[in-house]
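Going by UniProt numbering, the sequence shown opens with residue 1, and the numbers climb by one from there. Cβ atoms here follow ideal geometry from the backbone N, Cα and C, with glycine treated the same way. All of these numbers come straight from a predicted model, not from anything done at the bench. Have a look at the structure below, then the notes.
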Amino acid sequence: MSRQSILESEDAPYFRAMLDEAVFHRAASQPAVWLEQLEALLEWQKRPNVTLQLLPFSAGLHDLMGGSLTVLWLANGKAVAYLEGSKSGELVEDSGRVEELRLSYDLQRDKALSPKQTTEFIQQLVKEIRSCLPAEPT
Numbered sequence: 001m002s003r004q005s006i007l008e009s010e011d012a013p014y015f016r017a018m019l020d021e022a023v024f025h026r027a028a029s030q031p032a033v034w035l036e037q038l039e040a041l042l043e044w045q046k047r048p049n050v051t052l053q054l055l056p057f058s059a060g061l062h063d064l065m066g067g068s069l070t071v072l073w074l075a076n077g078k079a080v081a082y083l084e085g086s087k088s089g090e091l092v093e094d095s096g097r098v099e100e101l102r103l104s105y106d107l108q109r110d111k112a113l114s115p116k117q118t119t120e121f122i123q124q125l126v127k128e129i130r131s132c133l134p135a136e137p138t
């Protein structure tokens, strides 16, 4: 089962992602591919179990830069975290450390754009990219 199909299933988990503004300024090598990726984010944002938020540059430097953080709540109620960098990953099971990472995440989420503002940001970017694409032959 692909990751996307998990989020589309009847018993889909709730998924929240906070994306750094930098990812929206590092375009795919082909504008059409970049446009497709952004439009896919807009479609995902419509799902009731998916929330996307953009962390703007104005949020400043923070301790979660340089990689990604995934926090999972297991069936037994325990939370674990997975930190992933460009060359390594680390599963964090220590509850104290997981709580520190959750706090760091929450502090950054407080600085993020709302889901609605994030959608508007992506829509504006899509509009700008479309204006730069060559016109389709008629």
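Three-state secondary structure assigned by DSSP to residue i
i	result
Glu128	helix
Nearest neighbour of residue i, chosen from the options [CA to CA]
i	options	result
Leu38	Ser29, Phe24, Lys78, Leu113	Phe24
Asn49	Pro13, Lys127, Val80	Pro13
Glu10	Arg47, Pro31, Ala32, Ala135	Arg47
Trp73	Asp20, Ser5, Glu93, Ile129	Glu93
Leu101	Thr70, Ala135, Ile122	Thr70
Ala59	Leu19, Glu120, Glu84, Leu42	Leu19
Ala135	Met65, Ala32, Ala27, Glu21	Ala32
Ile129	Ala27, Phe57, Glu43	Ala27
Gln3	Trp34, Trp44, Glu21	Note that residue 3 corresponds to Arg in the displayed sequence, not to Gln. If we check each option's Cα against that of Arg3, Trp44 comes out closest.
Phe121	Leu61, Ser88, Pro56, Gly89	Pro56
Gly85	Ala22, Gly77, Ala75, Gly67	Gly67
Spatial neighbours of residue i in its chain, beta-carbon cut-off 8 Å, leaving aside the 5 residues before and after
i	result
Val98	Val71, Ala79, Val80, Ala81, Val92
Leu7	Pro13, Phe15, Trp44, Arg47, Asn49, Val50
Gln53	Arg16, Ala17, Met18, Leu19, Arg109, Ala112, Leu113, Ser114, Pro115, Thr118
Within-7 Å CB hit, residue i to chain C
i	result
Thr70	Absence of chain C from the displayed structure is noted, only one protein chain being present.
Close beta carbons around residue i, own chain, < 6 Å, minus the five adjacent residues each side
i	result
Arg16	Thr51
Lys111	Ala59
Cβ shell of residue i (< 7 Å), same chain only, five flanking positions each side left out
i	result
Thr119	Leu42, Gln45
Let me know the alpha helix (DSSP H) ranges lying completely inside the UniProt domain "DUF5753" (1-124), each 4 residues or longer, listed in chain order.
-> 3-8, 31-45, 95-109
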